[in-house]
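Presented below is the structure to which this report refers.
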Amino acid sequence: MQAKATDTQTGYEPKGFLKMNVLKPLNFTFITLPVIFFIVTASSPALTATSNSITGIDQGYENLPRFLADVNGDNRADYCRFVGNSPSIFLSCNLAIASGFSPNQYEFNSIRGIDQGYQNLPRFLADVNGDNRADYCRFVGDSPSIFLSCNLATASGFSPNQYEFNSIRGIDQGYQNLPRFLADVNGDKRADYCRFVGNSPNVFLSCNLATPSGFSPYQYEFSSIAGIDQGYENLPRFLADVNGDNRADYCRFVGNSPNVFLSCNLATASGFSLNQYEFNSITGIDQGYETLPRFLADVNGDKRADYCRFVGNSPNVFLSCNLATPSGFSLNQYEFSSIGGIDQGYETLPRLLADVNGDKRADYCRFVGNNPSVFLSCNLATPSGF
């Protein structure tokens, strides 16, 4: 996740990064970034289960990344953000508990003055060493020897040694105008660094696999076909497990209007399938509002990531998920939904889809309430909907 601009609070500025030959500009938006949206608030309280933080929660710096991921290994996603004053800014997580987020919002932390990473390169929170705790990963070092380094999460906080899990120096960062991901593509429970590399027209998706001690010295060992269909530049692209084999698949919108559809290039044991269009939605799928977030996450607990987006007409806009099945996305694209007129949350604050209560279903979380009592509230997923 990238900060919007130079961090004026910290004075942290990039030292440069490797330049590559790039394709025509694309406007891909990572799902982990806060995006500008409008607010639609339900006229009455939702009659659904919720999980909340304290009111007036420390939201974190707006120009530094904010995440929802499980850092302490209890299967509940925690809210993590950068807090404190420069030069002692640190990454702090408000842990999720059985009944909501902990009243102690600063109990899982990094060292003060943590290396936040380059502002123009992605930053992630994902489990790279397979201990079920999400680690903070970012690009560090000086060009041309920039590398991907992860500050590992421990039982009590992020390790004091913030550079212990690394890639090779001078790693191929990938195209800056194409998506970059950190997700487990080979099913070993370690998140791998995946990005688009190569020269046009033979650009391909390639993953630098994580090992027990760091990212593999061989950075191109898990790849797609050359010339892969990257998908539309103005529609989301994801890396998530849609067929339940514990390997993250590359999903994007393809086809010609009005028959555009969501298609996933499935990951196999040795790389992405040669058949890049084998797991699909219906043609002409409802893509959702372009000004509201879109996600790929498992909302019904079957270990398959589902496509979720906001649909319907104002004031009854709602969050609806097209469920993944063993063979593709369901023909019924609106079968798992929220109430009409759901509180979408603030347009300037992050909105996320992650499991906060440990039932293996991703919940919709956003900031609600009135200043100064804004809080993080999650609309919990149930077996039949939100």
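Note that the numbering used here has the sequence shown beginning at 2, numbered continuously upward.
We treat Cβ as the ideally placed atom computed from N, Cα and C, and that holds for glycine.
Alpha-carbon to alpha-carbon, Ser52 and Leu240:
27 angstroms
Of the listed residues Ile286, Glu291, Thr292, nearest to Gly329 (C-alpha basis)
Ile286
Could you check what DSSP says for Arg170 in three-state terms: helix, strand or coil?
coil
What number of angstroms, rounded off, separates the C-alpha of Ala50 from the C-alpha of Leu381?
6 angstroms
Work out the CA separation of Ser160 and Ser331 for me, nearest whole Å.
43 angstroms
Suppose only complete runs of 3+ residues qualify. What are the beta strand (DSSP E) ranges in the segment 130-158, listed by chain order?
136-141, 148-152
For Phe368, which residues in the same chain have their Cβ closer than 6 angstroms to its Cβ, ignoring the five residues on either side in sequence?
Gly346, Tyr347, Leu350, Val375, Leu377
Beta-carbon spacing of Arg181, Ser146 below 8 angstroms:
no
Separation of Asn266 from Leu297, as counted between CA atoms
14 angstroms
Environment of Asn22 [buried if 16+ CB atoms lie within 10 Å]:
Confidence at Asn22 is low in this model, with a pLDDT of 33, below 50, so its placement is unreliable and the value that follows should be read with caution. Classification for Asn22: exposed.
At which residues does the beta strand (DSSP E) containing Val84 begin and terminate?
79-84
Identify every residue that forms a DSSP beta bridge with Arg295.
Arg310
On a Cα-Cα basis, can you pick out the residue from Phe254, Arg248, Val243 that is closest to Tyr233?
Phe254
Assign Ser207 to buried or exposed, taking buried as 16 or more other Cβ atoms, counted over all protein chains shown, within 10 Å of its Cβ.
buried
Pull up the distance between the alpha-carbon of Cys252 and that of Leu353, whole angstroms please.
18 angstroms
What residue ranges within the segment 45-71 form continuous beta strand (DSSP E) runs of no fewer than 3 residues, ordered along the chain?
51-53, 67-70
Contact the segment 76-85 vs the segment 353-366: 3+ CB pairs below 8 angstroms
yes
Backbone CA spacing between Gly342 and Thr383 [nearest angstrom]:
18 angstroms
Could you say which of Phe166, Arg134, Pro104, Asn133 lies nearest to Phe140 if we only look at CA atoms?
Phe166
Kindly indicate which three-state DSSP category Ile340 falls into: helix, strand or coil?
coil
Go through its chain and collect everything with a Cβ distance to Arg158's Cβ below 6 angstroms, but skip five positions before and after it.
The identity of residue 158 in the sequence shown is Gly, whereas the question assumes Arg. The answer, listed in chain order, is Phe109, Asn110.
Below 8 angstroms between beta carbons: does that hold for Gly131 and Asp189?
yes
Where does Ser225 land, buried or exposed, given buried means 16+ other C-beta within 10 angstroms?
buried
Taking the DSSP output, what are the residues bridged to Arg181?
Arg196
Ile335 and Ser321 closer than 8 angstroms at C-beta
Going by the sequence as given, residue 335 is Tyr instead of Ile. For Tyr335 and Ser321, yes; Cβs fall inside 8 angstroms.
Where Ser274 falls: helix, strand or coil (DSSP)
coil
Who does Ile286 pair with in a DSSP beta bridge?
Paired residue(s): none; Ile286 is not in a bridge.
Pick out whichever of Tyr137, Asp116, Tyr119, Gln117 has its Cα sitting closest to the Cα of Phe125.
Tyr137
Mapping DSSP to helix, strand and coil, what is Arg367?
strand
On the premise that Ser264 lies in contact with Tyr278, defined as a C-beta separation below 8 angstroms, what is that separation, rounded to the nearest angstrom?
5 angstroms
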